[in-house]
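These notes are about the structure you will find just below.
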Amino acid sequence: MIEGIAEIVADHPLFRGLPADVAELVAGCARNEAFAVDELLIAEGAPAETFHLLRRGRVALEIRKPGAGQLVIETLGPDELLGLSWLFGSKRWHTDARALEPVGTVAVDAECLLRKADADPVFGYALMKRVAPVMVSRLQATRLRLLDLYGNGADNS
Amino acid sequence: MPAARGGADGTSLYPLAYRVSWRRRETADVVTVALEPVGSAAAAYRAGQFHMLTAFGVGEVAISVSGTPGTPGPVEHTIRDVGAVSHALSHAPEGTVLGLRGPFGTDWGVEDIADRDVLVIAGGIGLAPLRGAIHQLSRRRGTGALTVLVGARGPEQLVFQTDMEQWRERGANVLCTVDAAAPGWRGDVGIVTTLLARLTLDPQRTVALLCGPEVMMRFAAADLVDLGLDPGQIRVSLERNMQCGAGICGHCQLGPLLLCRDGPVVTYGGAVADLLGQQER
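Going down the list, the sequences are from chains C and H.
Under my numbering, the final residue of the first sequence carries the number 492; numbering is consecutive throughout.
Under my numbering, the final residue of the second sequence carries the number 301; numbering is consecutive throughout.
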């Protein structure tokens, strides 16, 4: 079971190309999970204890807006990382994450992984170097959305 | 890249009379207008080229052809109502006579990439100049894969949704995303380049066609280069202040390029990569 998860972890873009023992370390903290349509993977305000390596299906990150219901602020899909707050700050989730379709993930126990990272700084640094670009990429994407690229007068033709 | 057409024969500075055959509203501020010649017809166009359209008494503006080359019937242009001329064109009732010059500029070079995997990335009304090329590419048989990524401000601003269904039925992988959505939207939210993470591209086989806001194209092209695409295999559609359409007046100059003649479709890389995002003269 653990070996199967290690292979899945090693094949996920977040960890692809890292030494096999890194995948084993992550797999030791991980398990397969499945979510039905509309099921919450993470909930706003809850402790950020488990993050997910998405394998199949799409997930909507939502924020509740009084009077407007659930607003989708971003969607994630297969091969993406769901959950960053486990690594920084308050370690509480800042959004809900809802399955838009049947979703399969490798769920990773963040505290377990962080303990291993603290004990093995080489592993910890490798982990940080893989998560940081995801954060930068999402920050850049957010900045581009702030530009309102498709607003009046911004398009071709 | 095919050679530029139009502008060299001296006659393209004079508009031909075209009549509005029909109009179709795409979104709240985008309309597709179909034009048929009153007398002489303009030369055949290729996907990616543009016409100069005149609303008599108002002005002239460059509009990309959104129809499919070789399709019988009127020529389609999809126009966003953003100024006086585009307002007049997009509100012209059926039967109105407009002026048409062209076609001008370079095209997407669909014939050159018939056997390649093709990735199309379009933002907003930038899908219009690509629509004809996508129709042509989606009709290929037994050749490369076709992937179409579309970004828009919101679900209500996604254009050509019927066309997207046709492309899917023909085997294309069509993904849409919006910057912001109201509750109830079940599609994707995020900028169009985030969809690249869901694709498995063969960089050696893939040609990319990009059209949309220049910032979007600049970031998309950079992401594609990071994924291993040769900049020479990325084609972008650039627009500046097209006026004469014939490479004479210089209003559309971007560095060494006169985009009405050397563009709008140019190969990304080298000077173009540096020029993307520069202010027009």
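Virtual Cβ for every residue (Gly too), placed ideally from N, Cα, C.
Which residue comes first and which comes last in the beta strand (DSSP E) that contains H:M72?
Within the second sequence, the letter at position 52 stands for residue 72 of chain H. Segment F70 to A75, the beta strand (DSSP E) holding H:M72.
Do C:R393 and H:D208 have their C-beta atoms within less than 8 Å of each other?
Within the first sequence, numbered from 1, the residue matching residue 393 of chain C stands at position 58. Within the second sequence, numbered from 1, the residue matching residue 208 of chain H stands at position 188. In contact: C:R393 and H:D208 (Cβ atoms closer than 8 Å).
Are the Cβ atoms of H:L244 and H:M237 separated by less than 8 Å?
Position 224 of the second sequence holds residue 244 of chain H. Position 217 of the second sequence holds residue 237 of chain H. Their beta carbons are not under 8 Å apart, which means H:L244 does not touch H:M237 by this criterion.
Could you compute how far the alpha carbon of H:D222 sits from the alpha carbon of H:G232?
The residue labelled residue 222 of chain H in the question sits at position 202 within the second sequence. The residue labelled residue 232 of chain H in the question sits at position 212 within the second sequence. H:D222 and H:G232: Cα-Cα distance of roughly 23 Å.
Residue ranges of each alpha helix (DSSP H) run of no fewer than 4 residues wholly in the segment 158-189 of chain H, ordered along the chain?
Listed in chain order, the complete alpha helix (DSSP H) runs (minimum 4 residues) inside the segment 158-189 of chain H are 181-189.
Kindly indicate the opening and closing residues of the beta strand (DSSP E) around C:Y460.
Translated into positions along the first sequence, residue 460 of chain C becomes position 125. Premise fails: C:Y460 lies in the alpha helix (DSSP H), P456 to L481, not in any beta strand (DSSP E).
With DSSP collapsed to three states, give me the class of C:P401.
Numbered from its first residue, the first sequence carries residue 401 of chain C at position 66. Here C:P401 sits in coil by DSSP.
To the nearest angstrom, how far is the alpha carbon of H:L295 from that of C:H387?
What you label residue 295 of chain H is simply residue 275 of the second sequence in a count that begins at 1. What you label residue 387 of chain C is simply residue 52 of the first sequence in a count that begins at 1. Taking the straight line joining both Cα atoms gives about 40 Å.
What do you get for H:G152, buried or exposed, if any count of 16 or more other CB atoms within 10 angstroms of its CB means buried?
For the purposes of this step, residue 152 of chain H is identified with residue 132 of the second sequence, where counting begins at 1. Label assigned to H:G152: buried.
Using a C-beta to C-beta distance shorter than 7 Å, which residues of chain C count as neighbours of H:F239?
Residue numbering aside, residue 239 of chain H sits at position 219 when the second sequence is read from its first letter. Here the neighbours are L479.
Residue range of the alpha helix (DSSP H) that H:D282 falls in?
As a position in the second sequence, residue 282 of chain H is number 262, starting the count at 1. Its alpha helix (DSSP H) spans residues L279 to D282.
Closest to H:G77 by C-alpha separation, out of H:H71, H:A67, H:A64 and H:V117, would be which residue?
Taking the second sequence and counting its residues from 1, one reaches residue 77 of chain H at position 57. The option with the nearest alpha carbon to H:G77 is H:V117.
H:V170: which of H:P203, H:D49, H:T214 and H:R190 sits nearest, CA to CA?
Position 150 of the second sequence, counting from 1, holds the residue named residue 170 of chain H. The shortest C-alpha separation from H:V170 is found at H:T214.
Whole-angstrom Cβ separation of H:G267 and H:R281, contact assumed at under 8 Å?
Along the second sequence, one-based indexing puts residue 267 of chain H at 247. Along the second sequence, one-based indexing puts residue 281 of chain H at 261. About 3 Å separates the two Cβ atoms, so the contact holds.
Measuring only between beta-carbons, confirm whether H:G223 sits less than 8 Å from chain C.
For this step, residue 223 of chain H is matched to residue 203 along the second sequence. The sequence as given places Pro at residue 223 of chain H; Gly does not occur at that position. It does not; no Cβ of chain C falls within 8 Å.
Using only CA atoms, which one of H:Q263, H:T220 and H:L147 lies nearest to H:G248?
Here residue 248 of chain H refers to the residue found at position 228 when the second sequence is read from its first residue. The shortest Cα separation from H:G248 among H:Q263, H:T220 and H:L147 belongs to H:T220.
Among H:G210, H:L150 and H:L274, which one has its Cα closest to the Cα of H:W187?
The residue given as residue 187 of chain H occupies position 167 in the second sequence. Of the listed residues, the one whose Cα sits closest to H:W187 is H:L150.
Counting only Cβ pairs nearer than 7 Å, list the residues of chain H close to C:I408.
Along the first sequence, one-based indexing puts residue 408 of chain C at 73. What C:I408 touches in chain H: V209.
Would you report the Cα separation of H:G144 and C:G363, rounded to the nearest angstrom?
Mapped onto the second sequence, residue 144 of chain H falls at position 124. Mapped onto the first sequence, residue 363 of chain C falls at position 28. If you take the alpha carbons of H:G144 and C:G363, they lie about 45 Å apart.
Please list, in chain order, the chain C residues whose beta carbon lies closer than 7 Å to that of H:R206.
Translated into the one-based positions of the second sequence, residue 206 of chain H becomes position 186. L435, listed in chain order.
With a cut-off of 8 Å, does the C-beta of C:Y485 fall near any C-beta of chain H?
To locate residue 485 of chain C, count along the first sequence from 1; it is residue 150. Yes, C:Y485 lies at the interface with chain H (some Cβ there is under 8 Å from its Cβ).
Taking all protein chains shown into account, do 16 or more other C-beta atoms lie within 10 angstroms of the C-beta of H:A67, making it buried, or fewer, making it exposed?
For the purposes of this step, residue 67 of chain H is taken as residue 47 along the second sequence, with counting starting at 1. Result: buried.
Skipping 5 residues on each side, what residues in its chain have a beta carbon closer than 6 Å to that of C:H347?
The residue labelled residue 347 of chain C in the question sits at position 12 within the first sequence. Once the five neighbours on either side are set aside, the close Cβ partners of C:H347 are L388.
Among H:L120, H:I141 and H:G119, which has the Cα closest to the Cα of H:W128?
For the purposes of this step, residue 128 of chain H is taken as the residue at position 108 of the second sequence. Closest option to H:W128, Cα to Cα, is H:I141.
In the DSSP assignment, find the beta strand (DSSP E) that holds H:L230 and state where it starts and stops.
Looking up residue 230 of chain H in the second sequence gives position 210. Looking at the DSSP string, the run of the beta strand (DSSP E) that includes H:L230 is T226 to C231.
Roughly how many angstroms separate the alpha carbons of H:R225 and H:E114, rounded to a whole number?
Here residue 225 of chain H refers to the residue found at position 205 when the second sequence is read from its first residue. Here residue 114 of chain H refers to the residue found at position 94 when the second sequence is read from its first residue. Cα to Cα, H:R225 sits roughly 44 Å from H:E114.
Cβ of C:A442 within 8 Å of Cβ of C:A365?
Looking up residue 442 of chain C in the first sequence gives position 107. Looking up residue 365 of chain C in the first sequence gives position 30. Yes, they are a contact pair.
Beta carbon of H:T74, beta carbon of H:H155: below 8 Å?
Here residue 74 of chain H corresponds to residue number 54 of the second sequence, with the count starting at 1. Here residue 155 of chain H corresponds to residue number 135 of the second sequence, with the count starting at 1. Against a cut-off of 8 Å, the Cβ pair of H:H155 and H:T74 comes out as no contact.
Going along chain C in order, which residues have a C-beta closer than 7 Å to the C-beta of H:T214?
For this step, residue 214 of chain H is matched to residue 194 along the second sequence. Residues of chain C passing the Cβ test: A476.
Do C:R399 and H:D199 count as a contact pair if the criterion is CB distance below 8 Å?
Looking up residue 199 of chain H in the second sequence gives position 179. Looking up residue 399 of chain C in the first sequence gives position 64. Result no, Cβ atoms of H:D199 and C:R399 do not sit closer than 8 Å.
Take H:L157 and list the residues in its own chain whose beta-carbon comes closer than 7 Å to its own, dropping the five residues that flank it on each side.
Mapped onto the second sequence, residue 157 of chain H falls at position 137. Around H:L157: V130, V138 and L166.
Taking Cβ positions only, does C:G412 come closer than 8 Å to chain H?
As a working mapping, residue 412 of chain C is identified with position 77 in the first sequence. So yes, C:G412 belongs to the interface.
Within the continuous beta strand (DSSP E) that includes H:F124, where are the two ends?
Translated into positions along the second sequence, residue 124 of chain H becomes position 104. Residues V117 to F124.
Using DSSP bridges, identify the partner residues of H:S257.
By 1-based counting over the second sequence, the position of residue 257 of chain H is 237. Bridge partners of H:S257: H:V285.
Are at least three pairs of beta-carbons, each pair with one atom in the segment 171-191 of chain H and one in the segment 41-48 of chain H, less than 8 Å apart?
At 8 Å Cβ cutoff, the stretches touch.
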